[in-house]
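K.L.:
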Amino acid sequence: MPEPRKKITLPYLFEKAARGEPITWLTCYDYPTAYLQEQAGIEMILVGDSLGMTMLGYDSTLPVTMDDMIRHAQAVRRGAPTAFVVGDMPYMTYQPSVETAVRNAGRFMAEAGCDAIKLEGGAAMADRIKAIVDAGIPAIGHLGLTPQSVSALGGFRVQGKSAAMAKKIMDDAKALEQAGAFMILLEMVPDRLCKLITERAETCLIMSLGSGPHAHGQLLIYHDMFGLYPKFKPKMAKVYGNAGEVILNGLKAYHDEVINRQFPQPENWFGMKDEEYAELEKLLSIAPQTTTPEETAESKKKKGKKK
Ligand code: KIV
Numbered sequence: 003m004p005e006p007r008k009k010i011t012l013p014y015l016f017e018k019a020a021r022g023e024p025i026t027w028l029t030c031y032d033y034p035t036a037y038l039q040e041q042a043g044i045e046m047i048l049v050g051d052s053l054g055m056t057m058l059g060y061d062s063t064l065p066v067t068m069d070d071m072i073r074h075a076q077a078v079r080r081g082a083p084t085a086f087v088v089g090d091m092p093y094m095t096y097q098p099s100v101e102t103a104v105r106n107a108g109r110f111m112a113e114a115g116c117d118a119i120k121l122e123g124g125a126a127m128a129d130r131i132k133a134i135v136d137a138g139i140p141a142i143g144h145l146g147l148t149p150q151s152v153s154a155l156g157g158f159r160v161q162g163k164s165a166a167m168a169k170k171i172m173d174d175a176k177a178l179e180q181a182g183a184f185m186i187l188l189e190m191v192p193d194r195l196c197k198l199i200t201e202r203a204e205t206c207l208i209m210s211l212g213s214g215p216h217a218h219g220q221l222l223i224y225h226d227m228f229g230l231y232p233k234f235k236p237k238m239a240k241v242y243g244n245a246g247e248v249i250l251n252g253l254k255a256y257h258d259e260v261i262n263r264q265f266p267q268p269e270n271w272f273g274m275k276d277e278e279y280a281e282l283e284k285l286l287s288i289a290p291q292t293t294t295p296e297e298t299a300e301s302k303k304k305k306g307k308k309k
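Residues 3 to 309 (this note's numbering) are what the sequence shown spells out, left to right.
1) So is the beta-carbon of I223 under 7 Å away from any non-hydrogen atom of ligand 1?
2) Note down the Cα distance separating D226 from K284, rounded to an integer number of angstroms.
3) Taking all protein chains shown into account, do 16 or more other C-beta atoms lie within 10 angstroms of the C-beta of K237, making it buried, or fewer, making it exposed?
4) Less than 7 Å between the CB of L48 and some heavy atom of ligand 1, yes or no?
5) Who are H144's beta bridge partners in DSSP?
6) Counting along the chain, where does the beta strand (DSSP E) carrying G219 start and finish?
7) Hey, would you say A183 sits closer than 8 Å to C206, going by beta carbons?
8) Report whether the distance from the Cβ of L188 to the nearest heavy atom of ligand 1 is below 7 Å.
9) Let me know the secondary structure DSSP gives G246 once reduced to three states.
10) Could you round the C-beta distance between Q161 and M190 to whole angstroms and report it? I think they count as a contact, below 8 Å.
11) Is the stretch 77 to 90 touching the stretch 26 to 41 in the sense that three or more CB pairs, one from each, lie closer than 8 Å?
12) Using only the heavy atoms of ligand 1, determine whether one of them is closer than 7 Å to the beta carbon of P2.
13) Please find out if some non-hydrogen atom of ligand 1 comes closer than 7 Å to the beta-carbon of H144.
14) Give the single residue among A126, L221, A118 whose Cα lies nearest to the Cα of V135.
15) So L121 and Y93 are in contact, right, with Cβ under 8 Å, and what is the actual spacing, rounded?
16) Just confirm the distance between the C-beta atoms of H257 and A19, as a whole number of angstroms; I'd bet it's less than 8 Å.
17) Going by DSSP, which residues form a beta bridge with F1?
18) For a test of the three-state rule: what should DSSP assign to T26, helix, strand or coil?
19) Return the first residue and the last residue of the alpha helix (DSSP H) that I134 is part of.
20) Once DSSP output is grouped into helix, strand and coil, what is the label at I139?
21) May I ask whether a heavy atom of ligand 1 can be found less than 7 Å away from the beta carbon of D51?
Given below as structure tokens:
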């Protein structure tokens, strides 16, 4: 039996980055997938509020609640005890105030056993990051395409293509780093911008989602990797297998086998010993006849007439 993996910790992540080795990070929302990701050696898991779309079928991440996130984060933690699990703060659980942010970040740690939290936004959210870090909770910033602000950003599109916007993202990254974020996720920004931010990061790690190879590691959305989200596939997602198609074919085969009486077969059911069955028949034939309430009422009537 191979040795179970040691717990992935913050020092582990920084040491790996210092060796120039990329960190692996995937989204995950449930126990069986977390188990598989742990077996595959994935180091970080993001319980993303994207679960609103991938698991709950909403059109956006906005309706997701803290309770939704906690339930899924707990399941992930049970499936991946050694991964570095990050709880993603859903819409309006940190924007209203610093105190709201700290309280909700604390729920991820206390109720779900997360290792860190992530929230979206730049300089405007730096005070939330600082307060969360001051409360002893490792915090990750998220810049570029931030799905909770997709309406303000004009849709799901690459961010920071103009020099001015790229500079703004660089300034936001510095503000988050100075506030104490140990990691910043760059989603859908140009590769050269990601490279610049990574090169200039002093105390924090930079991760890329669709932002090129020049970061300390990579994040992908699990459902996009395996054809499990039916509505669309973002350009940045690499499909590693079409699990959606495999499952659909299996479901169709089950449907056909049941209606054609090919399922179940003897290996799919349980029998009982002949002597036990014979005993059961004997028990049934000598058991006293039970009477229904109607029969009882009827027999009472008959008895009455006889008198
Ligand atoms: O919720 C999520 O999965 C995310 C990713 C899009 C980065 O925040």
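Every residue gets a Cβ at the ideal spot worked out from N, C-alpha and C, and that includes glycine.
P.N.:
Short version:
1) Yes; taking the cut-off as 7 Å, the Cβ of I223 has a heavy atom of ligand 1 nearer than that.
2) Going by the C-alpha atoms only, they are around 59 Å apart.
3) So K237 counts as exposed.
4) Taking the Cβ of L48 as the reference point, at least one heavy atom of ligand 1 falls within a distance shorter than 7 Å.
5) DSSP output for H144 lists E122, L187 as bridge partner(s).
6) Run containing G219: 219 to 222, per the beta strand (DSSP E) assignment.
7) For A183 and C206, yes; Cβs fall inside 8 Å.
8) Result no, Cβ not under 7 Å from ligand 1.
9) Three-state DSSP puts G246 in a helix.
10) Rounded, the Cβ-Cβ distance is 6 Å, consistent with contact.
11) Three or more Cβ pairs closer than 8 Å define a contact, and the stretch 26 to 41 meets that threshold against the stretch 77 to 90.
12) Because the chain here runs from 3 to 309, residue 2 falls outside it and cannot be looked at.
13) Yes, the beta carbon of H144 sits closer than 7 Å to at least one heavy atom of ligand 1.
14) Ranking A126, L221, A118 by Cα distance to V135 puts A118 first.
15) Actually they do not touch by this definition, with Cβ atoms about 10 Å apart.
16) So it is not a contact: roughly 49 Å between Cβ atoms.
17) In this structure the chain extends from 3 to 309, so residue 1 is not present and cannot be described.
18) Three-state result, T26: strand.
19) 128 to 136 is the span of the alpha helix (DSSP H), which, as asked, contains I134.
20) Three-state result, I139: coil.
21) Yes, the beta carbon of D51 sits closer than 7 Å to at least one heavy atom of ligand 1.
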